[in-house]
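One rule links them: number in this note's numbering = place in the sequence shown (from 1) + 43. Ideal Cβ placement from N, Cα and C applies to all residues, glycine included.
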Amino acid sequence: MPEIGDIAPDFTLKETFDTSVTLSDYRGKQNVLLFFHPFSYTEICEGEICELRDDARYERDDLVILNVACDAWPIRQAYKEQLGANGVFLADFWPHGVASKAYGVFDEEWGTCMRGTFLIDMEGVIREKTVNMFIGDRRDQSNYLDSLS
């Protein structure tokens, strides 16, 4: 699992059928809140995503939220639309869990990612991280942007 101060592992994931997103494309342009969650359409995940959506502190030109789960891209996009969520919704579906494994948040038993959040600055360095090793534990999202203030 990468630590605070490490260069963030790069990845490319599907957003839509014909669109992929590469983490390193944001270097020098925007800070990244990399937000892993286990499943779309579940109560805790929905609550966390809506909390980010409703918090004005995340509406910044210098920040993008990359919301990642191991669901397929059509599910991710439908979920984003249903919630009216901000950010980019990515599918860590195939190769299965490639990004969540790189960040040490893939749960082999459940076949999905755990709740992990990594704040990555414009230089690609991890500045904050929160990882809940139990899928059912909600994250404290209050301090994500502290290191950017």
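Pair within 8 Å by beta-carbon distance, residue i and residue j
i: residue 144; j: residue 132; result: no
i: residue 78; j: residue 111; result: yes
i: residue 163; j: residue 64; result: no
i: residue 184; j: residue 91; result: yes
i: residue 101; j: residue 95; result: yes
Buried or exposed (CB count within 10 angstroms, at least 16 for buried), residue i
i: residue 48; result: exposed
i: residue 169; result: buried
i: residue 51; result: buried
i: residue 181; result: exposed
i: residue 80; result: buried
Backbone CA spacing between residue i and residue j [nearest angstrom]
i: residue 116; j: residue 150; result: 20 Å
i: residue 156; j: residue 88; result: 12 Å
i: residue 134; j: residue 67; result: 17 Å
i: residue 200; j: residue 171; result: Nothing about residue 200 can be read from this structure; the chain reaches only from 44 to 192.
i: residue 137; j: residue 187; result: 28 Å
Coarse secondary structure for residue i, derived from DSSP in three states
i: residue 147; result: coil
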